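From first to last, the protein sequence lines stand for chains Y and A. Using this note's numbering, read the first sequence as starting at 82 and increasing by one per residue. Using this note's numbering, read the second sequence as starting at 3 and increasing by one per residue. Below: the structure, in structure tokens.
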Amino acid sequence: AQKVTQAQTEISVVEKEDVTLDCVYETRDTTYYLFWYKQPPSGELVFLIRRNSFDEQNEISGRYSWNFQKSTSSFNFTITASQVVDSAVYFCALSGAHNTDKLIFGTGTRLQVFP
Amino acid sequence: KAGVTQTPRYLIKTRGQQVTLSCSPISGHRSVSWYQQTPGQGLQFLFEYFSETQRNKGNFPGRFSGRQFSNSRSEMNVSTLELGDSALYLCASSLVVSGDITDTQYFGPGTRLTVL
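As structure tokens, this is what we get:
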């Protein structure tokens with residue numbers, strides 16, 4: 082069965098601190114996709130990144146970076162120099178290789194960035 | 003390009019009533035999925051539609067149903083509402099260009115349903 086674990090329920094940091102959100106996944110598929118979404122208080126899930134299981138290169142987008150390690154089944158997300166606007170709930174999700182496959186979400190990590 | 007839109011944004015119903023939620027996908031997107039989000043169960047998949055056909059279904063009772071129209075707009079219906087149906091219902095659309103490759107799902111703002 083597929084499963085996503087986000088062990089950190091809530092993280093609080095002060096602005097400009099770096100913060101890493103952990104994501105560990107389980108799947109028997111050899112081809113799969115991993116995602117991160119941000120959910121601000123408004124409720125909409127905002128897409129951040131999509132990664133397939135064959136691409137282990139780390140990715141950087143501005144202050145955001147992602148570390149994908151198949152050996153440890155982890156797909157961690159780091160925010161550098163956090164800002165108050167980064168305050169939200171962040172979800173890691175897993176999907177199979179077929180476009181009929183659903184997203185399996187973790188329980189989310191609530192990030193609070195204080196000024 | 004406009005994002006996924008959902009109407010209404012908020013709904014208050016009483017037990018036993020039924021409700022219909024609407025979702026308009028991003029222009030050109032052909033697949034629509036629905037998710038339920040509650041504090042206790044988190045984000046759970048309800049069903050997915052493509053070309054007016056339900057291709058995948060989550061583990062929800064038959065009171066939850068949906069459909070998709072020829073313009074890819076989708077509706078979901080919940081009959082005989084229960085208190086536990088109170089949740090944020092999120093709709094997501096994806097492109098499905100070709101083949102069988104997983105596409106990114108883009109989410110709407112959700113409909114917050116409260117059952118009294």
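Think of the CB as a built atom: it goes at the ideal place given N, C-alpha and C, for glycine as much as any other residue. As the structure is a prediction and not an experimental result, all values here were calculated from the model.
| Query | Result |
| --- | --- |
| Residues in the same chain with beta-carbon distance under 6 Å from Arg78 of chain A, minus the five sequence neighbours each way, listed in chain order, please. | The sequence given here has Met at residue 78 of chain A, not Arg. Answer for Met78 of chain A: Leu23, Trp36 and Gly68, listed in chain order. |
| Does any C-beta atom of chain Y lie closer than 8 Å to the C-beta of Asp87 of chain A? | no |
| List the residues of chain A whose Cβ lies closer than 7 Å to the Cβ of Phe186 of chain Y, in chain order. | Gly44 and Leu45 |
| On a Cα-Cα basis, can you pick out the residue from A:Asn58, A:Cys93, A:Ser72 and A:Gln38 that is closest to Gln107 of chain A? | A:Cys93 |
| Just the Cα atoms here: how many angstroms apart are Ser72 of chain A and Thr181 of chain Y? | 18 Å |
| Taking the alpha-carbon positions, what's the Leu48 of chain A to Glu54 of chain A distance? | 16 Å |
| Please check if any C-beta of chain A sits within less than 8 Å of the C-beta of Tyr114 of chain Y. | yes |
| For the beta strand (DSSP E) holding Gln83 of chain Y, just list the boundary residues, first then last. | Per DSSP, Gln83 of chain Y belongs to no beta strand (DSSP E) and is neither H nor E. |
| Considering only heavy atoms of the ligand NAD, does any lie closer than 7 Å to the CB of Ser81 of chain A? | Judged by which ligands are present, the structure shown has none, so any question about the ligand NAD falls away. |
| Suppose you measure from the CA of Tyr114 of chain Y to the CA of Ser134 of chain Y; what does that come to, to the nearest Å? | 6 Å |
| Could you tell me if Ile14 of chain A is buried or exposed, where buried requires 16 or more neighbouring beta carbons within 10 angstroms of its beta carbon? | exposed |
| Closer than 7 Å between beta carbons: that is the criterion. Which residues of the stretch 120 to 149 of chain Y meet it against chain A? | Ser123, Gly124, Glu125, Leu126, Phe128 and Arg131 |
| For Glu77 of chain A, would you say it is in contact with chain Y, using Cβ-to-Cβ distances shorter than 8 Å as the test? | no |
| For Gln193 of chain Y, which residues from the same chain have a beta carbon less than 6 Å from its beta carbon, with the 5 sequence-adjacent residues on both sides left out? | Ser93 and Ser168 |
| Should Gly112 of chain A be labelled buried (16 or more other beta-carbon atoms within 10 Å of its own) or exposed? | buried |
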